[in-house]
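Numbering of the sequence shown is given in the numbering used here, commencing with residue 396 and proceeding in unit increments.
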Amino acid sequence: MLTPEERNLVYQRAYLPEHLIDYVESISGAEAYLHYDHLCFTTGNHLIFIGYPLRTQSNTQQAYESMCGRFQPVTVAVIAPQLWFPSHTCQNWSEDAYYQLVLPVPHFHPDVAYMVRRAARELQVVQGKFGREHQKLVEEFLSGHELTQEQRFIFK
């Protein structure tokens, strides 16, 4: 469980959706922990390890091994830019793709820039809770996509 100070630290340094504690906890039902500048989430005997450190100088392998020692998971999902253990040591191995937006963004076509400005004017951000409507969206997403059991577990 994270202290309020740890939560603030995470949100100050977050740069991935998986660093957004409330998002991951609401989707997965898991609880967040911070160790060696890495986040992990646990639910039952399952560990979700985020291998993107909150600071650039951090030992990902050490954080992973320490969290596995602490929580003794039966299953582990690792989200990381690269893995430090060979694929043959894993029971189920799958890869995913992430896209990176290089900042600053190059110039847009004027029509696209206009649409972005207009959308920004009309955007409203409100605070709420993960409710029935959100659960229905998740269920609709899951029913319309071919996902592995491990990928589906994230949305449990």
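Glycine residues also receive a C-beta, built at the ideal position from the N, C-alpha and C atoms. Computed from a prediction, not measured in an experiment: that's the story for all the values here.
Sequence-distant residues of the same chain with beta carbon closer than 6 Å to Thr470, five excluded per side
His441
Under the DSSP definition of a beta bridge, which residues are partnered with Leu542?
Note: Leu542 sits in no beta bridge, so no partner.
Based on Cα-Cα distance, which residue from Phe436, Pro448 and Ser453 lies nearest to Gln467?
Phe436
Contact check, Arg547 vs Leu532, beta carbons under 8 Å:
no
Tell me which residues share the same chain as Thr451 and place their Cβ nearer than 8 Å to its Cβ, disregarding the 5 neighbours each side in the sequence.
none
Please report the distance separating the alpha-carbon of Gly539 from that of Gln530.
14 Å
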